[in-house]
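*Asks:* Numbering (full-length UniProt numbering), first residue to last: 1 to 415.
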DNA sequence: TCTGGGGTCCTAGGACCC
DNA sequence: TCTGGGGTCCTAGGACCC
């Protein structure tokens, strides 16, 4: 007997835009974009004009002069996204959330309670529409990869069930760009070889694909082209790194500019880490120049980092290394910090001089411990009175923010 | 007037160790 | 002194995902 198609992939359609149209009936049926300087999400009416996420607001307005810019209901995005995924939880504990608006679920063994996978998918779609007022597309298949492709094919507001005996019939005529892991670069390389469909990719030997795309990517895509996808549902994924970035427009590459920005970024990251008593060992700073070329410098240190000022100082040092290596670059357009090699330290509450990296940088001092204590006091104030209540002077200066902090939180993966 | 923010994984070279 | 091979870690860059 063939294994059954029990994996669901559920994906809310044009999510932020749909929420805005839900909240304000006057926006329904109209081309709208969430965001301003950059389009974070576009309604289907706007997509018909070629407007899409990531595009500058200016370019979007060119394509669609009657485009309405709106948005800002961040709490509603979070609440409705959680509620939609919560409906999946009613049918199976095996739910893997991918982002605010997307999740996989495995309903194997749920038939006697709730009906077939297709029935459950229909029920989920009906409930999301009835209880939340939002359109959601669902794909049902035997593997995650195929379920994901099915939901993309089902959009907007549709359902596609892939019969296990007709998988390749469904998969092979589709363009390679629909595959997980094929972006513009890979698609271009394959097109150069005359490969446009998943079926054409499947015809090639794995060794050949690996030579074109690299060892790992070649092996993975060759398998996926035959719908060989070994991945199961993984619940409660934790982040392996935490970062923050800020686009700056065009700013001179000088300390007076990058120092306050790095402190603000360090503050965001370090406070997130401290909430969960995490710390990290590898710190990466990224600087993007005017031509969008980005350079990174990183360092791995034995002792853990979770104090804001220590993280900021290390990031500053890394940025100074970038500057020394690129003396001709006078303008920067983005700064980013990321912390990886995350660990939870069982000793963290002892307030030992944990920040040995900082101490190593200043032999004979024990400032790391006091920094962490000060941070914890500040965290406590923020817990009671909100993030904006208190902060480092240098980090709370008037920074130009292209995207509000409330939006940033939506993209964060739980630590 | 091209490009926001938070992530994951892979590759390739070099250092270092056995 | 030179030479071999394998494994691991670190660093920099890049592709991709939502």
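C-beta: ideal position from N, C-alpha, C; glycine also.
On the criterion of 16 or more Cβ atoms from any shown chain inside 10 Å, does residue 220 qualify as buried, or is it exposed?
*Replies:* buried
*Asks:* Pairing CB atoms from the stretch 299–307 with CB atoms from the stretch 211–231, are three or more of them under 8 Å?
*Replies:* no
*Asks:* Taking the beta carbon of residue 35 as the centre, do at least 16 other beta carbons fall within 10 Å, making it buried, or is it exposed?
*Replies:* Per the 10 Å Cβ criterion, buried.
*Asks:* Which term fits residue 181, buried or exposed, when burial requires 16 or more other beta carbons within 10 angstroms of its beta carbon?
*Replies:* exposed
*Asks:* Here's a check: name, in chain order, each residue in its chain whose Cβ is nearer than 7 Å to the Cβ of residue 199, leaving out the five neighbours to either side.
*Replies:* 172 and 173
*Asks:* Would you report the Cα separation of residue 378 and residue 177, rounded to the nearest angstrom?
*Replies:* 47 Å
*Asks:* Among residues of its own chain, excluding the 5 on either side of residue 297, which ones have a beta-carbon nearer than 6 Å to its beta-carbon?
*Replies:* 285, 318, 321 and 322
*Asks:* What residue range is occupied by the uninterrupted alpha helix (DSSP H) comprising residue 145?
*Replies:* 144–154
*Asks:* Under a Cβ-count criterion, where at least 16 other Cβ atoms within 10 Å of its own Cβ denotes burial, should residue 300 be classed as buried or exposed?
*Replies:* exposed
*Asks:* Within a Cβ cutoff of 6 Å, which residues of the same chain sit near residue 435, ignoring the five residues on either side of it in sequence?
*Replies:* The structure shown does not extend to residue 435, since the chain spans only 1 to 415, so no value can be given for it.
*Asks:* Taking the alpha-carbon of residue 268 as reference, which of 331, 404 and 98 has the nearest alpha-carbon?
*Replies:* Residue 404 is the option with its Cα nearest to residue 268.
*Asks:* To the nearest whole angstrom, what separates the beta carbons of residue 332 and residue 253, a pair I think is in contact under 8 Å?
*Replies:* Distance from residue 332 to residue 253 at the Cβ level is roughly 5 Å; contact confirmed, criterion being Cβ atoms closer than 8 Å.
*Asks:* Does residue 381 come out as helix, strand or coil in the three-state DSSP assignment?
*Replies:* helix
*Asks:* Please go through the same chain and pick out, in chain order, the residues whose beta-carbon is closer than 8 Å to the beta-carbon of residue 151, but skip the five residues on each side of it.
*Replies:* 9, 10, 11, 137, 138, 139 and 160.
*Asks:* Do the stretch 18–26 and the stretch 111–121 meet, that is, are 3 or more Cβ pairs less than 8 Å apart?
*Replies:* no
*Asks:* Pick out whichever of 194, 292, 242 and 257 has its Cα sitting closest to the Cα of residue 272.
*Replies:* 242
*Asks:* Tell me whether residue 98 sits in a helix, a strand or coil according to DSSP, three-state version.
*Replies:* strand
*Asks:* When the Cα atoms are used, what is the spatial distance from residue 246 to residue 33?
*Replies:* One C-alpha to the other measures close to 21 Å.
*Asks:* Check for me: the beta strand (DSSP E) holding residue 304 runs from which residue to which?
*Replies:* 294–305
*Asks:* Just mark residue 135 as buried or exposed, buried being the case when its beta carbon has 16 or more other beta carbons within 10 Å.
*Replies:* buried
*Asks:* Could you say if the stretch 334–345 and the stretch 276–283 meet the contact criterion of at least three C-beta pairs nearer than 8 Å?
*Replies:* yes
*Asks:* Can you grab the Cα-Cα spacing for the pair residue 98 / residue 89, in whole Å?
*Replies:* 14 Å
*Asks:* Of all the beta strand (DSSP E) runs that stay within the bounds of the stretch 218–277, which reach a length of 3 or more residues?
*Replies:* Qualifying beta strand (DSSP E) stretches, in chain order: 241–252.
*Asks:* What residue range is occupied by the uninterrupted alpha helix (DSSP H) comprising residue 434?
*Replies:* With the chain represented from 1 up to 415, any question about residue 434 goes unanswered, as that position is not in the structure.
*Asks:* Specify the secondary structure class of residue 188 as computed by DSSP and reduced to three states.
*Replies:* In this structure, residue 188 counts as helix in the three-state DSSP scheme.
*Asks:* May I ask you to report which of helix, strand or coil DSSP gives residue 172?
*Replies:* Residue 172 carries a coil assignment under DSSP once its states are collapsed to helix, strand and coil.
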